[in-house]
Structures are given as structure tokens and as C-alpha cells.
Amino acid sequence: MKQTEKFLRSMKTELPSQVERMFTIYKVKDEPVGVVFPHLEPNKDREGRIFWIGIHPKFRGKGLGKNLHLIGLYRLRNDFKAKSYLGATEINNYPMKKIMLSNGCVENKNTVISLERVF
1 MKQTEKFLRS MKTELPSQVE RMFTIYKVKD EPVGVVFPHL EPNKDREGRI FWIGIHPKFR
61 GKGLGKNLHL IGLYRLRNDF KAKSYLGATE INNYPMKKIM LSNGCVENKN TVISLERVF
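Residue numbers for the sequence shown, in the UniProt record's numbering: 1 to 119.
Printed below as a string of C-alpha cells:
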């Protein structure tokens, strides 16, 4: 629980004006399967980011990550009025890279872990 509290405090510290709007729960048949926290990057020109995204372990491997990521992108464009999205993941996180690419993101050749999508 301490890790969760620390994580939530860091969100409030880094994004105080957005933290209350970020929380997005993805449900399938009224059961929560994942969460995504979209936001605008401070001091950038309406650049959207995803602070954190995750599928509950019980639902992994069922293709739900793509939908969850799309929900985050939808919220960035429509709720946060982002002009673009800059996503990042660990270099060996191939499932997340595949999700980003399948959702229309384009890999930025300047860095291995950056995937961009312009709205």
C-alpha cells in the first residue's frame, strides 16, 4: 500500500491541476480490468502523455491493452484537448510498443523508446 500512496502523491506533486481528471477505469461487463492516467505535459504545447497504464493481471493477454490505450488517447484528444501524444515505454516492452503502433502511433527514430501520434 505504501507504494500506491507514494505513486498517488507523486501524481499530485507533478500534476496538481490535472490529477483529479486523470483517473480512468476501463470496465468490461461492469468489472474493472485496467486503468489509464492521461495528462498534458507541463510547459509543452498541448502535448499529451500517459502517466501510467495497466491491465489487472487476471485480464492480461486478452487484447484489452489496445482498447485501454485507445481510451487514453481518446481522453487526451477530447477531454484534455491535446494536439499530440508522446508515449514512452521500456525498450524491451514489446507488447506496449505493439499496442502503440497498432493504435496509430509512429516510432520516432531519434530515440528507441518514443512513439508519437499527432491528432
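Beta carbons: idealized from backbone N, C-alpha and C, even for Gly.
Remember, predicted model here, so these are calculated numbers, not experimental data.
- Message: Less than 8 Å between the beta carbons of residue 191 and HIS39, yes or no?
- Response: Here the chain has residues from 1 to 119 only, and residue 191 is not among them.
- Message: Taking a contact to mean a Cβ-Cβ separation below 8 Å, would you say PHE23 touches PHE37 in this structure?
- Response: Yes; because the gap between Cβ atoms is below 8 Å, this pair is in contact.
- Query: Can you list, in chain order, the residues of its chain whose CB lies under 7 Å from that of ALA82, leaving out five sequence neighbours each side?
  - Reply: Closer than 7 Å at Cβ, skipping near neighbours: LEU40, ARG46, GLU47, GLY48, LEU76 and PHE119.
- Message: Is the separation between the beta-carbon of VAL33 and that of LEU64 shorter than 8 Å?
- Response: Taking 8 Å as the cut-off, the beta carbon of VAL33 is found closer than this to the beta carbon of LEU64.
- Who are the near neighbours of ILE25 in its chain, counting only those whose CB is closer than 7 Å to its CB and skipping five residues on each side? Within the same chain, PRO32 and VAL35 come within 7 Å of ILE25 by CB-CB distance, once the 5 residues on both sides are set aside.
- Message: Restricting to runs no shorter than 3 residues, where is the beta strand (DSSP E) found entirely within the UniProt domain "N-acetyltransferase" (20–93)?
- Response: DSSP runs (the beta strand (DSSP E)) wholly in the UniProt domain "N-acetyltransferase" (20–93): 24–28, 31–40, 47–55 and 84–88.
- Message: Measuring only the C-alpha atoms, how far is ILE91 from ASP30?
- Response: Taken atom to atom, the span from the alpha-carbon of ILE91 to that of ASP30 is near 34 Å.
- Applying the criterion that 16 or more other CB atoms from any shown protein chain within 10 Å of the CB defines a buried residue, is LEU101 buried or exposed? Under this definition LEU101 is an exposed residue.
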